[in-house]
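Residue numbers (our numbering), protein chains in the order written: chain R, 1 to 323; chain X, 324 to 655.
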């Protein structure tokens, strides 16, 4: 197993280089750059000499090839460089947002798992009864509703309900405090985006749990378990669930990796300064370096999530052996 | 020996969109204590459904036991509440299935799958159950039983898995084992081993067994009595010798002719049963075997042939049985 993990980690290198090439040249296909945008973006006259100076400072006047090698060299020496827009180190820009995004992603995943696994099981066990129909309607609604819209509804709902109850509207705090500084304040801010995205996320996982479990419940070994006189609870939890979880784990993990960088609109709604927002801003500002490093981060997150999923597979199913 | 299991007028039906399938249509038979009874018939004749009905494992929807009594050791299983029925399964009656490759859970160890039955039904502790599991594996002829407990089904061959299934079935010292085509999925060489093992163990432990098969060769060697099923009904039953040497039903005869026999000259041609089993949603009032029967006359369409006594404990349901018997006598 450790040999397999080492092999997978080594395989990260070509993946990272491939994605680096892709994002590097794709970004530069867009006309203009960060200097033009900053100095002439407002439509006012800008001195070409000033733009040239700016480009020289950021190294944008170098041939593409040189810029690319410079970028790759940064990987080797672990130097991520500075943001071309703010001038701060990329590490600093990412680190102040990473924590928040990670916390929201973890909480949303927890919400999704807590909803999806029990609902998926109930819905499969009570297949084609009214309970099943309600669960299915609930999860279809989750897929149909964009989470930012649900987020707006949550905020509005809270305002209206608190107004009606206490005569004074209450809204979640809009400035971020790390959880170890003020857990109550932190959670009362982040629980809502976690619920809004977790619900949507759970919808997909609920349907996957349901269909995987339904399939497993038809297996011969479940019939064997019944013939052994086991309790239904034991049959589901011990005999069926472990077999049914493989596809569910895959879905949850992919969604988790996506949440780390893809929560753009929901972050806007809840005024969260997360990685998704940083991503959009960097692309908008043509901040090449920031965007490249963010893409790299997301690639690394995906690779590690996939590796985790593979290891988890082997734990769930002893037939899976990696060599 | 007293009667252990008595099935009386069992009807199990499946309510499908294509119509009601009368998979088991008024089946009655008994199993004495320690006796091996065979249920024989083609695929889809209702023999497995009968077995699943005994354990009340027919999935609803679409299947349902609509009529009948299944008396086991003095209790009507069909009247038991679900939790008492669960206690019967695996403890008093256990089952061995056809597909050893898929009947064991691939993600659980052999040890867990063996001990969980004992832990569920007896007061055994984890340690006692493990000790007994080792004994059981040894008893069914698995080498290095201790090591096997930690292994998973995919580490074992098909024959070994079926041995594990047998060990599992014996775990709680049941009174009855239902074996549903226990050797059909195995290599021919392994088949005989498994059947011998089951025969010896059930004899030594005094366990009754219902063996479901389509192979009359298996029946002759391993069972005391035989029930032949066709289209959801028992059409002939009697001792293994009666069925094998003195068949009185054209279907039984056809089944016998369709398998190679060591006691026939090698030139004897195999004679498969022509045609297809009937669609169980559209049976008419006549004998269901009529369309495939070479002895059939107009009389066979008029009503269901009743089971009639043709010898001690030998019953057959055929209007043309006399014609059949005399034609067989002429031939020999």
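Think of the CB as a built atom: it goes at the ideal place given N, C-alpha and C, for glycine as much as any other residue.
Since residue 335 of chain X and residue 389 of chain X should fall inside the 8 Å C-beta cutoff, what is the C-beta to C-beta distance between them, to a whole number of angstroms?
Numbered from its first residue, the second chain carries residue 335 of chain X at position 12. Numbered from its first residue, the second chain carries residue 389 of chain X at position 66. Going by Cβ atoms, the distance from residue 335 of chain X to residue 389 of chain X rounds to 7 Å, so yes, they are a contact pair.
Length of the line joining the Cα atoms of residue 580 of chain X and residue 556 of chain X:
Taking the second chain and counting its residues from 1, the one referred to as residue 580 of chain X is at position 257. Taking the second chain and counting its residues from 1, the one referred to as residue 556 of chain X is at position 233. Their backbone Cα atoms lie some 21 Å apart in a straight line.
Would the beta-carbon of residue 457 of chain X fall within 8 Å of that of residue 469 of chain X?
Walking along the second chain from the start, residue 457 of chain X turns up at place 134. Walking along the second chain from the start, residue 469 of chain X turns up at place 146. Going by C-beta atoms, residue 457 of chain X is nearer than 8 Å to residue 469 of chain X.
With a threshold of 8 Å between beta carbons, is residue 226 of chain R in contact with chain X?
Within the first chain, residue 226 of chain R is the residue found at index 226, counting from 1. Answer yes: the Cβ-Cβ gap between residue 226 of chain R and chain X drops below 8 Å somewhere.
When the Cα of residue 268 of chain R is compared with those of R:150, R:219, R:315, which residue comes out closest?
As a first step, residue 268 of chain R is located in the first chain; it is residue number 268 there, counting from the start. The candidate whose alpha carbon is nearest that of residue 268 of chain R is R:150.
Buried/exposed call for residue 65 of chain R, threshold 16 Cβ in 10 Å:
On the first chain, position 65 is the one that residue 65 of chain R refers to. So residue 65 of chain R counts as exposed.
Helix, strand or coil for residue 199 of chain R? Go by DSSP, reduced to three states.
Here residue 199 of chain R is taken as the residue at index 199 of the first chain, counted from 1. Reduced to three states, the DSSP call for residue 199 of chain R is helix.
What first and last residue would you give for the alpha helix (DSSP H) that runs through residue 57 of chain R?
Numbered from its first residue, the first chain carries residue 57 of chain R at position 57. Start and end: 48–58.
Let me see if you follow: with CB-CB separation under 8 Å, is residue 410 of chain X close to chain R or not?
Here residue 410 of chain X refers to the residue found at position 87 when the second chain is read from its first residue. It does; some Cβ of chain R falls within 8 Å.
Since residue 430 of chain X meets chain R, which of its residues come closer than 7 Å, beta carbon to beta carbon?
Residue 430 of chain X sits at position 107 when you count from the first residue of the second chain. Correct list: 242, 243, 316, 317, 318.
Looking at C-beta atoms only, is the number of pairs between the segment 396–416 of chain X and the segment 462–482 of chain X that lie closer than 8 Å three or more?
no
Under the three-state DSSP convention, the category residue 550 of chain X falls into:
For the purposes of this step, residue 550 of chain X is identified with residue 227 of the second chain, where counting begins at 1. The answer is strand: DSSP assigns residue 550 of chain X an E or B state.
Using Cβ-Cβ distances below 7 Å, what residues of the segment 382–403 of chain X are close to chain R?
none
Report the residue from X:385, X:572, X:484 whose alpha carbon sits nearest the alpha carbon of residue 509 of chain X.
Position 186 of the second chain, counted from the start, is the residue given in the question as residue 509 of chain X. Comparing Cα-Cα distances from residue 509 of chain X to each of X:385, X:572, X:484, the minimum goes to X:484.
For residue 198 of chain R and residue 93 of chain R, what's the separation of their Cα atoms in angstroms?
Translated into the one-based positions of the first chain, residue 198 of chain R becomes position 198. Translated into the one-based positions of the first chain, residue 93 of chain R becomes position 93. C-alpha separation (whole angstroms): 26 Å.
Count the other CB atoms, across all protein chains shown, that sit within 10 Å of the CB of residue 533 of chain X; report buried if there are 16 or more and exposed otherwise.
As a first step, residue 533 of chain X must be located in the second chain, where it is residue number 210. By the 10 Å Cβ count, residue 533 of chain X comes out buried.
Check the Cβ of residue 223 of chain R against every Cβ in chain X and list those closer than 8 Å, keeping chain order.
Looking up residue 223 of chain R in the first chain gives position 223. In chain order: 380, 420, 426.
Using a Cβ cut-off of 7 Å, which residues of the segment 208–222 of chain R contact any Cβ in chain X, in chain order?
219, 220, 221
Is residue 293 of chain R near residue 37 of chain R, with beta carbons less than 8 Å apart?
On the first chain, residue 293 of chain R is found 293 positions in, with the first residue counted as 1. On the first chain, residue 37 of chain R is found 37 positions in, with the first residue counted as 1. Cβ atoms of residue 293 of chain R and residue 37 of chain R: not closer than 8 Å.
Beta-carbon contacts of residue 179 of chain R that lie in its chain and below 6 Å, excluding the five residues immediately before and after
The residue given as residue 179 of chain R occupies position 179 in the first chain. Once the five neighbours on either side are set aside, the close Cβ partners of residue 179 of chain R are 186.
At the level of alpha carbons, what is the spacing between residue 398 of chain X and residue 328 of chain X?
Counting from one through the second chain, the residue named residue 398 of chain X turns up at place 75. Counting from one through the second chain, the residue named residue 328 of chain X turns up at place 5. Each residue's alpha carbon lies about 9 Å from the other.
DSSP three-state assignment for residue 340 of chain X, whether helix, strand or coil
Translated into positions along the second chain, residue 340 of chain X becomes position 17. It is coil, neither helix nor strand.
With residue 392 of chain X and residue 373 of chain X assumed to form a contact (beta carbons below 8 Å), what rounded beta-carbon distance in angstroms separates them?
Position 69 of the second chain holds residue 392 of chain X. Position 50 of the second chain holds residue 373 of chain X. Contact flag wrong, Cβ pair sits at about 13 Å.
Please report how far the alpha carbon of residue 85 of chain R lies from the alpha carbon of residue 34 of chain R, in whole angstroms.
For the purposes of this step, residue 85 of chain R is taken as the residue at position 85 of the first chain. For the purposes of this step, residue 34 of chain R is taken as the residue at position 34 of the first chain. Roughly 7 Å separates the two Cα atoms.
Bridge partners - residue 359 of chain X, DSSP secondary structure assignment
For the purposes of this step, residue 359 of chain X is taken as the residue at position 36 of the second chain. Bridge partners of residue 359 of chain X: X:532.
I'd like to know whether the C-beta atoms of residue 101 of chain R and residue 90 of chain R end up nearer to each other than 8 Å.
Here residue 101 of chain R refers to the residue found at position 101 when the first chain is read from its first residue. Here residue 90 of chain R refers to the residue found at position 90 when the first chain is read from its first residue. No, the pair does not count as a contact, with Cβ atoms beyond the cut-off.
Evaluate residue 337 of chain X with the Cβ neighbour count: other Cβ atoms within 10 Å of its Cβ, from every protein chain shown; 16 or more gives buried, anything less gives exposed.
Translated into the one-based positions of the second chain, residue 337 of chain X becomes position 14. Burial call: buried.
So is residue 230 of chain R in contact with chain X if we call contact Cβ pairs under 8 Å?
The count along the first chain starts at 1 and reaches residue 230 of chain R at position 230. By this cut-off, residue 230 of chain R is an interface position.
Extract the residue ranges of the alpha helix (DSSP H) inside the segment 223–277 of chain R, only unbroken runs of 4 or more that lie entirely within it.
241–262, 264–269
Tell me whether the beta-carbon of residue 428 of chain X lies closer than 8 Å to the beta-carbon of residue 221 of chain R.
For the purposes of this step, residue 428 of chain X is identified with residue 105 of the second chain, where counting begins at 1. For the purposes of this step, residue 221 of chain R is identified with residue 221 of the first chain, where counting begins at 1. Cβ distance < 8 Å, so residue 428 of chain X and residue 221 of chain R count as in contact.
Mind pulling the chain R residues with CB within less than 8 Å of residue 413 of chain X?
Sequence index remark: in the second chain, residue 413 of chain X carries index 90 (1-based). Chain R residues near residue 413 of chain X: 227, 228, 229, 230.
Does the beta-carbon distance from residue 604 of chain X to residue 396 of chain X come in below 8 Å?
To locate residue 604 of chain X, count along the second chain from 1; it is residue 281. To locate residue 396 of chain X, count along the second chain from 1; it is residue 73. Not in contact: residue 604 of chain X and residue 396 of chain X (Cβ atoms no closer than 8 Å).
Helix, strand or coil at residue 422 of chain X according to DSSP, with G and I counted as helix
Along the second chain, read from residue 1 onward, the residue named residue 422 of chain X stands at position 99. Coil.
Short Cβ contact (8 Å threshold) for residue 627 of chain X with residue 616 of chain X:
The count along the second chain starts at 1 and reaches residue 627 of chain X at position 304. The count along the second chain starts at 1 and reaches residue 616 of chain X at position 293. No. Outside cutoff.
Cβ contact (3+ pairs, closer than 8 Å) linking the segment 345–359 of chain X and the segment 555–574 of chain X:
yes
Reduced DSSP secondary structure (H/G/I, E/B, other) of residue 24 of chain R
Locating residue 24 of chain R in the first chain gives position 24, counting from the first residue. The answer is helix: DSSP assigns residue 24 of chain R an H, G or I state.
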